[in-house]
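Student: Just passing along the structure, written as structure tokens.
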Amino acid sequence: MSDRSPRNRAPQRRPDRVRGVAYQVIRQVTAEGGYANLALNKALREQRLSGRDAAFCTELVHGTLRWQGTYDAFLARNVSRPIADLDPELLDLLRLGTHQLLRMRVDSYAAVSEMVTLTRSEIGQKRSGLVNAVLRKISQRSLDQWIAAVAPSADEDRLGHLAIAKAHPRWVIEAFVEALGERAAEPPSGSTTPGTGLERLLDADNEPPRVTLVARPGLSDVDELVEAGASKAPWSPYAAVLQGGGDPGRIHAVATGRAGVQDEGSQLVAVALATAQLDGSDTKWLDLCAGPGGKSALLAALAQQREGQLTAVEPLKHRADLVRANLRAIPGDHKVLVGDGTKPTWPAGSFDRVLADVPCSGLGALRRRPEARWRRTPEDVVELRPLQEDLLDSAITSARSGGVVAYVTCSPHPDETRAVVDAVLGKRDDAVIEDARALFPGVLDLGDGPDVQLWPHLHGTDAMYLALIRRS
-10 MSDRSPRNRA PQRRPDRVRG VAYQVIRQVT AEGGYANLAL NKALREQRLS
40 GRDAAFCTEL VHGTLRWQGT YDAFLARNVS RPIADLDPEL LDLLRLGTHQ
90 LLRMRVDSYA AVSEMVTLTR SEIGQKRSGL VNAVLRKISQ RSLDQWIAAV
140 APSADEDRLG HLAIAKAHPR WVIEAFVEAL GERAAEPPSG STTPGTGLER
190 LLDADNEPPR VTLVARPGLS DVDELVEAGA SKAPWSPYAA VLQGGGDPGR
240 IHAVATGRAG VQDEGSQLVA VALATAQLDG SDTKWLDLCA GPGGKSALLA
290 ALAQQREGQL TAVEPLKHRA DLVRANLRAI PGDHKVLVGD GTKPTWPAGS
340 FDRVLADVPC SGLGALRRRP EARWRRTPED VVELRPLQED LLDSAITSAR
390 SGGVVAYVTC SPHPDETRAV VDAVLGKRDD AVIEDARALF PGVLDLGDGP
440 DVQLWPHLHG TDAMYLALIR RS
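Heads up: the sequence shown begins at -10 in our numbering, then just goes up one per residue.
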């Protein structure tokens, strides 16, 4: 008779540390409503993961969250109960394993084995058998084969097919089709890569964004960033791309606040406001929705070169603190106010230039916020609309006669862009929209105007929208 005492049992394998960290980050995002970028950066620091381990962990987290909806469709074919009835901890483990099997260069046997070990460690031996069985089924087909088996036919339901094949909720794809117009069904001009404009946009959303830096005028310049290992970006005169990713904080200009991390599209809309023609005074600038302060810092630096002053308004104290931190290195008497931009504490007509970068669905930044596509709903767009209109109305009222307002969103959704502008201007007789395309010199594919919509697949930026409005 064999001795089954604990001391004679074979020791269980310990779970892979990097996969364990990735799983904990995913749980923070899906169960606690955390933000993937913040939770991941914190975990990488605390667990002291760097180099290849950090890159592997990042792909595990971002890839699993980005493709979550598609993986759920595959998993639904391989479990005996509805996906919604699975314990959330178990579902996240299955998603994490599916991503390794279908979109990473991980040996199938190793991926299944490691996930079984991680399951045993995290939620117990009882569930490890199910994880083993399901992931072995997933491993029997490639990603393309699973898409062919699960997605609707592209001929019968093109958008339904793309929702599975490109990992976007259908309602988001429908909004993109409306925003792109005719360009949704046509290849981008000059493109040699197969695919319509819509397909190219969805593919761009699934690619990790580049790390883009901004050299704050008067404090740094692009040449300094290039000398530190970056390369000049194509559109913004202040932008440089950090090649190969890496930690921007290692660059002295970034560490001292003379430069920062900022998407090139975000830079372009701020620069457009700063360069719009203006007669008369040009010293009082307002950022009505300032947090976390990237655009505020660029505007403050530009205003300082004209001996101007920026007032930044943010309703949440902790975000106002982030704005102050971003402005710390900028010379000048710039102000940060904690307050509601829809209820100004300043007289009407107080400012020469006003930025209204309003809260929105964030559908323009799906590259860098992989969880947002599954977290947002059409109802979010509806609920944000009154606030967006109120903020734009307040921004126009805050501008002096002849002053300019930039209405900005990080979303291409038509109900958050031109529809808001049309609704507000339809109620006022003292403001007009102007053609903003000339404020983006050298930037191609800006559409028919007068507003500007940037796109990841055309410009390599977030899908930033800008309407330039002049108080008349």
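For glycine and all other residues, C-beta sits at the position ideal for the given N, C-alpha and C.
Quick one: give me the first and last residue of the alpha helix (DSSP H) that Arg8 is part of.
Tutor: Element bounds for Arg8: 6 to 21.
Student: Under 7 Å Cβ to Cβ from Trp444, same chain only, skipping five residues before and after it: list those, please.
Tutor: So the qualifying residues of the chain are Leu190, Ala452.
Student: Between Ser(-6) and the rest of its own chain, which residues show a CB-CB distance below 7 Å, the 5 nearest in sequence each way excluded?
Tutor: Caution is warranted here: a pLDDT of 46 is assigned to Ser(-6), below 50, making its placement in the model unreliable, and the coordinate value is therefore given only provisionally. Answer for Ser(-6): no residue qualifies.
Student: Which of the three DSSP states is assigned to Thr519 in this structure?
Tutor: The question about residue 519 has no answer here: the residues shown for the chain are numbered -10 through 461.
Student: Determine, using beta-carbon pairs with one atom in the stretch 289 to 297 and one in the stretch 360 to 376, whether at least three such pairs fall under 8 Å.
Tutor: Segments in contact, no.
Student: Classify Leu64: buried if its beta carbon has 16 or more other beta carbons within 10 angstroms, exposed otherwise.
Tutor: Classification for Leu64: buried.
Student: Pop quiz: Pro439 and Ala420 are said to be a contact at Cβ under 8 Å. What is the actual Cβ separation, rounded to whole angstroms?
Tutor: Their Cβ separation, rounded to whole angstroms, is 13 Å, which puts Pro439 and Ala420 out of contact at 8 Å.
Student: Ordered along the chain, which non-local residues of its own chain (more than five positions away) have a Cβ less than 7 Å from that of Val166?
Tutor: Ala173, Leu187, listed in sequence order.
Student: With DSSP as the reference, label Trp224 as helix, strand or coil.
Tutor: Trp224 falls in the coil class under three-state DSSP.
Student: Report yes or no: do three or more beta-carbon pairs, one from the stretch 98 to 116 and one from the stretch 60 to 74, lie closer than 8 Å?
Tutor: Verdict: no, contact absent.
Student: Check whether the stretch 234 to 245 touches the stretch 199 to 215, counting contact only when three or more Cβ pairs, one atom from each stretch, lie closer than 8 Å.
Tutor: They touch, by the three-pair rule.
Student: With a threshold of 8 Å on Cβ separation, who are the neighbours of Leu414 within its own chain once the five nearest residues in sequence on each side are excluded?
Tutor: Result list for Leu414: Ala420, Val421, Ile422, Ile458, in chain order.
Student: Tell me the residue span of the alpha helix (DSSP H) that contains Val340.
Tutor: The residue asked about is misnamed: residue 340 is Phe in this sequence, not Val. Taken as a continuous stretch (DSSP letters only), Phe340 belongs to no alpha helix (DSSP H), being part of the beta strand (DSSP E) at 340 to 346.
Student: What does the Cβ neighbour count give for Ala384, buried or exposed, with the cut at 16 atoms within 10 Å?
Tutor: The residue in question, Ala384, is buried, as its Cβ has 16 or more Cβ neighbours within 10 Å.
Student: Could you work out which residue in Asp81, Ser339, Arg205 is closest to Thr19 when comparing CA atoms only?
Tutor: Ranking Asp81, Ser339, Arg205 by Cα distance to Thr19 puts Asp81 first.
Student: Grab me the residues of Val200's own chain with a C-beta within less than 8 Å of its C-beta, minus the 5 sequence neighbours each way, in chain order.
Tutor: The answer, listed in chain order, is Val230, Leu231, Gly234, Gly235, Pro237, Val250.
Student: With 16 other CB atoms within 10 Å as the buried threshold, where does Asp268 fall?
Tutor: The residue in question, Asp268, is exposed, as its Cβ has fewer than 16 Cβ neighbours within 10 Å.
Student: Going straight from the alpha carbon of Ala168 to that of Pro403, what length do you get?
Tutor: About 6 Å.
Student: Where in the stretch 136 to 195 do unbroken runs of the alpha helix (DSSP H), each at least 4 residues long, occur, reported from the N-terminal end onward?
Tutor: As far as the stretch 136 to 195 is concerned, its whole alpha helix (DSSP H) runs of at least 4 residues are 147 to 154, 159 to 169, 186 to 194.
Student: Going straight from the alpha carbon of Met93 to that of Val101, what length do you get?
Tutor: Those two C-alpha atoms are separated by around 13 Å.
Student: Go ahead and pull the three-state DSSP assignment for Thr201.
Tutor: Note: Thr201 maps to strand in three-state DSSP.
Student: Relative to the C-alpha of Val302, which residue among Arg313, Gln293, Ser69 is closest?
Tutor: Comparing Cα positions, the closest option is Arg313.
Student: Below 8 Å on the Cβ atoms is my contact criterion, and I expect Asp194 with Arg356 to pass it. Report the Cβ-Cβ distance as a whole number of Å.
Tutor: Sure, about 6 Å apart at Cβ, within 8 Å.
Student: Evaluate Tyr98 with the Cβ neighbour count: other Cβ atoms within 10 Å of its Cβ, from every protein chain shown; 16 or more gives buried, anything less gives exposed.
Tutor: It is exposed - the Cβ of Tyr98 has fewer than 16 other Cβ atoms within 10 Å.
Student: Report the rounded CA-to-CA distance for Leu119 versus Ser128, giving the unit in angstroms.
Tutor: Each residue's alpha carbon lies about 14 Å from the other.
Student: Once the 5 residues before and after Gln17 are set aside, which same chain residues still bring their CB inside 8 Å of it?
Tutor: Same-chain partners within the cutoff: Gly23, Ala28.
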